[in-house]
Structure formats: structure tokens, C-alpha cells
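Residue numbers (this note's numbering), protein chains in the order written: chain A, 1 to 412; chain B, 1001 to 1412. We put the CB at the ideal spot given by N, CA and C, even for glycine. Owing to the predicted nature of the structure, the values given are computational and were not obtained by experimental measurement. Here is the structure we will look at.
Right, dumping it as C-alpha cells:
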């Protein structure tokens, strides 16, 4: 949210008015020139001249007649989502997923590589990304010169403006790699890098559970536990872009060591691997559970535990309740600090649904201050597996359609 | 941070330009009309006509000639801080402090009531506020019709837009009292209510340790432990205005009960009363300490412990180190979540200085993620006891001089 003090010169004002009109059209679906003039307080002739320019650029299109308000039925214009494409990349801990979307972040094609570990390092991963991008573009029938930009999400803390990850606990070998610059020079289009939780927040805010919300936190519970914060119309990234690391809230000073170097972090106690590990410990300690045979055949995953819990396995249900309780404590901390209005729970572990959300809600209710808890909804994420990639595409659109900023801030 | 989509009509543009010029003058001290025209890209004649209006209103004044850049030495204009006054009220847990400031939040007079407990309830407290406001206005030689507004800070969570505190743990009897409305109808001037930590953040940001910072967290360590968050030019208040409650971050699930109803909250383990209580426990357990005699004479306070620590008492130093370590754990959580750039430590307990800050820094260094910790300075607050009242006056000024907001936000 950069601010600059500036004032109106005619060229800037026209640019601004064009951008305002385009965003109104994007937001409202179909709208008439008269309604645009009314809403913006611009003259009819100014609106018409700008709409003509947008029609010529192909960014808006006419879409038949609207309801009459007395006279002729007005011709409506709407945003042409097909005017271009965007690439969204989800560079996950254990997979890579690429989508090609239209200008509304609607997925037109995707390409996935399963079971690819991010710890293979940047060279192998970027080669794989490159292959998947080509595959998805081919599947969508889109050539690179119709692509407005590429967004990419990674599972670690980063410096947003530098476009690189910083000391990421679960991305060995990636520290300081200039990821955004590398992809930018490869594809010659604008590239934006953000972490998966921020992109999840953006995707759920615009296309999922958070539609219409001003403030929300998106919690991604998977291999790691991350958080994206959306405040007042923007992702909140903090001073250097590494905000949102809820997975490293300390829950137990005497707790297990965490990959980050500290002890008793939420992630080390309630992330996917921690759930699986507790199940294995319980089995070794002789507890009866439907997981026993699975554990003999291969190592357990959090998904195995979730499946067993859904099928009624007592130990597995108990492990999810405990994970939910721990996540609930951290979310109570977050709600006390940030009073976010809505908390959206997503990520691989959250597909367990109410099994995880129930204990989260209970714990938050008993632990967070009434002033905030009464105004905070805790809900499950609506977007599925493509959430990070859709968020990455959304980030590109947000940056591409950003209006000239005329915020004037008080400076005492 | 409200946003509205709007565009330029001439009256609005003049209002906007006037406000931009006024804020430029406020920010820059002394400035010439030519420099204002250059910086704003407005025409010389527009600038001159607006400056004439501001001179007539008394909001700016001419201040002699600046340096020549070739021709005649230009006449400089500056903001007239004496054009009006503001009242700032600090309704503390155990005292009330009222300041009258100029339009730069510089204190012109103050009035204090010591040892007044906020648990006396709203009627007694508002009567006392009223008496102190009259006293401070008299001392400043200011009549109420020259006052732009009144700001008031309280030590509890609140609903900012409703102007009332909500279930405040240390303010029994205040829940739901329409504080802002009551003061507004009493004084017939704009009234703004916020919590003490938010106002501390605002005061330190504009007049103290945080000058020039975009993002900071102000931690107030006193009877309670609160936090004000300043992000991107504004106090972040959250969905209903109760953000910043760091004192209720859970540090130990098996910890002592907290006034909020939960257990092991930071405030219940490291606030002023907790420090004093631990000293008394240690004395009862037979530990040798310079505090022994004091404790016999009357109950101990955190200040007694700080004084003894400064004089070299081993037990007292150890208690502050432990409080600092606990506060450090919560600040590490906050830094991981918010990557704030700067953390300012203020409040009564923080006057202990490095005794508290040293262990805070050490703990943060070992607990927070490198991505955020390297970009976060932890410093002591610069403003003294008047910080909340100065923040309250600053809030009035921020709201009074807020420019028409032309932010255009992307809406997908």
C-alpha cells in the first residue's frame, strides 16, 4: 500500500478514470454507461469516450440491453475475462501444480507433478515448473504472448519485494535464490512471488469463503502451518514480506524441537507429520487402532489418520482432536492480536473438516477474549487443491489492474 | 482505512488540493509557494489561491524569506500549530492524566489525578475527567470553543466505531457504557476513543521512537500488557476495534488463571502485579533480598522490584529477567505473525530499561524466524508518562486532518 501525494493533471486523471471504470465493470458484472456515469460522477461523454477506448482494447465488451428505466433499454458493458490469460504456479512441499486462468482467475487448464519434493532444490524444481507451464499453456490453447503475468507460491517465508525466499525451514537449498528474477528473465512477463498461505488468503477472499470480508486470516494446515493475512483490501506482508508465520507460535517451552531451531512451535506439534508421528508412537506403545496394519506396511501420513478417524477409529479421532485443540490455542492468540473477522482453515490436514474445526472452535471460544471472539467466524476453506495456484493467478491480476494510487495520508 | 471509488469534480478537487497542500506544509515545516507548486504539479495560481484561503483561516502563516534560487528570496509559509487546541485524556488503570496540546500535539498544559482506580466505575471516573479537563484548559488559557476535539484512551478492548469498551478485564462496570457518545454530548466537540496501547503506538510513531517507520508494534507493559499495531500509515484495529491484545497470548496451558477467564496468559505471568507477587512468594519461601523490609511495611509493586534490581538485588534482577523472557516469547510470536519492522516497548514496567529489554531481545533472537527477526528492531519507548494522552491528542489531529480518500482498490 504505497502512498504518494499527488494531484490531478489531465493525463493522470484520464488514466485514473479509466482504471476506476474498468474496476467498476469488473466488480459489477454488467453495467450501463449511464449507471457508470452516475456512480463515478463523471460526465456521460467522458464515460463514453473511455468505454470506447476499452472496447477497442478488448478489455470490455457489450452484452445486450439491460432493463429500461423509462426510455430506450440501455446497452450493457461487461469485463472481457477472455481478453488474456494468467499463469499460476503452486510450488508445494511435495508437488507442483500449474494453472492457466482467464482474467477472472477461472481455471482453463492445469498440469500437475505429484510426489515431487521441494527439497530437490531450485534447479530440479524450476525445470519441472517450466515443463508444467508449457504443458498447461498447450492444454489451454494459449500462447505465451497472451499471458499477462505469472504468479508463484512457495511454502516458506520470503522477502516480497526482493522476490526470494529467506531461510525457509522446509526448503533446503532455496535460501536467497532470486526466484522472481529468474522466472522473469525466462518468460519475459511480470512475475510475482508470494508464500502459499498469503495466496490462499487472496484466493479465499476473492473466490471462496471470504467473499465480501474486509479482514480475514487464512490458516493453511499441511506439512507446515502457515497463515495469510488479508486486511483492508490487501495482503498484509509486514516490513519485509515474511508476516504470517503462525506455525512458529510457541505453545510449549518444553515441547519438541522444530525445524526452525526453536522448541514447541505449533507446526512441530500439530502439523501433518506431527499427527502421523504421534499415531506411530501410540502404536509402538501398544494402543489398539485401525492404523496398525497400515503402519506395518509403510510409514503413516496425516491423511491415513484422517481416513481412519472418519471411519470411526478412536485413536485417530483423538489425535485430530488434540491437533485441533493446539491449532485452536494459536488461533486464539491470533484472534486476540488481530481481531480478524473471519478465520478460514485450509490445507491438506483441514480436509478432515469438523473433526479438526470442532476442537478449534471450542478452544477459541474458551481461550480468546470475548471482544474479538464474538465477531470472528471460523470456517472451512471452500477452494480445493488448486487454491494456491488460483491465488497466484489472482495476485498477478491484482497487481496488473492496480489503479494509480491517490491516497493522501496524514503526516503529522 | 476506508476506500471509496470516486473521481474528480471541481469542488472535490479543490478540497483535495487544499488538503494536500496543508498536509505538505504540516510535514515540511517551512516551504515556499513555488516548491509547493513543483511538488504537487499544481499551477502557481492554484497554489496561491489556496494558500490565501488557508492564511485567511489562520491555518498557515508566513514566516519570512527563504533562500533565493536566483531571483527574489521567496516568502515561506508554515503550519500554524497555534491555530487551535486539542484535549488528550489518559484514563489509566490507577490514574487519570489530561493534556491540552496545540495542533502539533505539543503539550501546553496538563492535569493529573494520582491513585484513582478505574474500578471506581464510569460515573466517578467521568466526573474526575471533567474536573481535570477544566483544570487543564484553565492552565493552558484555552477556552473550549478553540478546541478541535477530545481523544481518550482506556486500558481495555473496545469497539472503535461504537466508541465503547467491551468486556474489559481490568475495568469492571464499564462494559457497554457509550463513552464516546457521553463525552461528545457533554463537550459538543468531536470525541475519539481508543485503547491506551493503540494511542501509545500512534504517539511513538509520530513523536517518538517510531518516527519514519511504516510498520511498528508498541507493547505497553504495565498493570496489563497491551499492544498497538501501526501498519501502512494507520492504526490497525481489526474487524471491531479490539486488535492488539498480546497480553492474552497463552504461554503456559497449566499457568495461573487470568482475569480474562483463560489460563497462563502473558499478562498473568509477566504484568506488573505478577512480578510483585512473585517477589512476595520468594520472600515467603525464605529467599534473601533487599525487598524484605519493604514487603513487611506494605505490599510490593513492580516498581519496588525494579528499584531493588537497579540497586543490585539479585532476586529482583532475576524476576525481571524472567518477565523479560516471557514477554520475549510473546514478542517472538508477534514478530513471526506480523514482521513489524520495529517493536517499541513502553509502559510502567518498561522503565526498568535494559533489565527488561535485554532478556526480551535475547529470547526473540533465539525464538523468532530469521526472515523476520533480522528486520525487526526492538527499542525502548521515548515518550514518558504522557504517551497515552499525547496519543489521544494525535488521534484527534489524524481524524481532523484526514484528506478526502481517493484510494481506488482493485475488486476482482
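Under the 8 Å Cβ criterion, the stretch 1369-1388 of chain B does not count as touching the stretch 1177-1193 of chain B, having fewer than three qualifying pairs.
Counting along the chain, residue 1205 of chain B sits inside the alpha helix (DSSP H) bounded by residues 1196-1207. Identification of residues in the stretch 1244-1265 of chain B having a C-beta nearer than 7 Å to some C-beta of chain A yields 1244, 1245, 1246, 1248, 1249, 1250, 1260, 1262, given in sequence order.
In the DSSP assignment, residue 290 of chain A falls outside any beta strand (DSSP E) and carries neither an H nor an E. Taking 8 Å as the CB threshold, residue 329 of chain A lines the interface with chain B.
For residue 1333 of chain B, the neighbours in chain A by C-beta distance under 7 Å run, in chain order, 249, 250, 333.
Neighbourhood of residue 370 of chain A in chain B, by CB distance below 8 Å: 1166, 1167, in chain order. Nearest Cα to residue 1108 of chain B within the set B:1094, B:1018, B:1171, B:1088: B:1088.
Nearest C-alpha to residue 101 of chain A among A:277, A:264, A:86, A:91: A:86. The bridge partners DSSP lists for residue 89 of chain A are A:98, A:152. Closest in C-alpha terms to residue 153 of chain A, from the list A:183, A:173, A:56, A:138, comes A:183.
Per the DSSP secondary-structure output, residue 216 of chain A pairs in a beta bridge with A:230, A:342. Among the residues facing chain B, residue 337 of chain A is included, as its CB has a counterpart in that chain under 8 Å away. For residue 62 of chain A, the enclosing beta strand (DSSP E) starts and ends at 60-65. For residue 1231 of chain B, the nearest CB of chain A lies under 8 Å from its own CB, placing it at the interface with that chain. Note: residue 273 of chain A is not bridge-paired with any residue in the DSSP secondary-structure output.
Chain B has a Cβ within less than 8 Å of the Cβ of residue 215 of chain A. For residue 310 of chain A, the uninterrupted alpha helix (DSSP H) segment begins and ends at 302-310.
Looking at the DSSP output, residue 257 of chain A bridges to A:263. Per the Cβ contact rule, the stretch 1215-1225 of chain B is in contact with the stretch 1241-1252 of chain B (3 or more Cβ pairs under 8 Å).
Counting only residues of its own chain and dropping the five nearest sequence neighbours on each side, residue 35 of chain A has no CB closer than 7 Å to any other CB.
The criterion of a C-beta distance shorter than 8 Å is satisfied by residue 1150 of chain B and residue 1396 of chain B.
When the alpha-carbon of residue 1060 of chain B is set against those of B:1081, B:1334, B:1072, B:1357, the nearest one is in B:1081.
The continuous beta strand (DSSP E) containing residue 113 of chain A extends over residues 107-113. Within a 10 Å sphere around the beta-carbon of residue 44 of chain A sit fewer than 16 other beta-carbons, which makes this residue exposed. At least one CB atom of chain A sits nearer than 8 Å to the CB of residue 1239 of chain B. With at least 16 other beta carbons inside 10 angstroms of its own, residue 169 of chain A counts as buried.
Within the same chain, and ignoring the five residues on either side of residue 1103 of chain B in sequence, the residues whose Cβ sits closer than 8 Å to its Cβ are 1079, 1080, 1081, 1082, 1083, 1084, 1085, 1086, 1148, 1397. Judged by DSSP secondary structure, residue 1378 of chain B falls within the beta strand (DSSP E) whose first and last residues are 1377-1380. Contact fails between the stretch 193-209 of chain A and the stretch 358-367 of chain A, because fewer than three Cβ pairs, one in each stretch, are under 8 Å apart. Straight through space, the alpha carbons of residue 1317 of chain B and residue 1324 of chain B are spaced by roughly 10 Å. If you look at residue 76 of chain A, you'll find it in the beta strand (DSSP E) that goes 75-79.
Ranking A:41, A:212, A:65 by CA distance to the CA of residue 341 of chain A puts A:212 first. Restricted to the stretch 1118-1186 of chain B, the beta strand (DSSP E) segments that are unbroken, complete and at least 3 residues in length are 1147-1154, listed in chain order. With the criterion set as a beta carbon lying under 9 Å from some beta carbon of chain B, the members of the stretch 352-376 of chain A are 366, 367, 368, 369, 370, 371, 372, 374, 375, 376, in sequence order.
With respect to the 8 Å criterion, residue 76 of chain A and residue 65 of chain A are classified as neighbours on the basis of their beta carbons.
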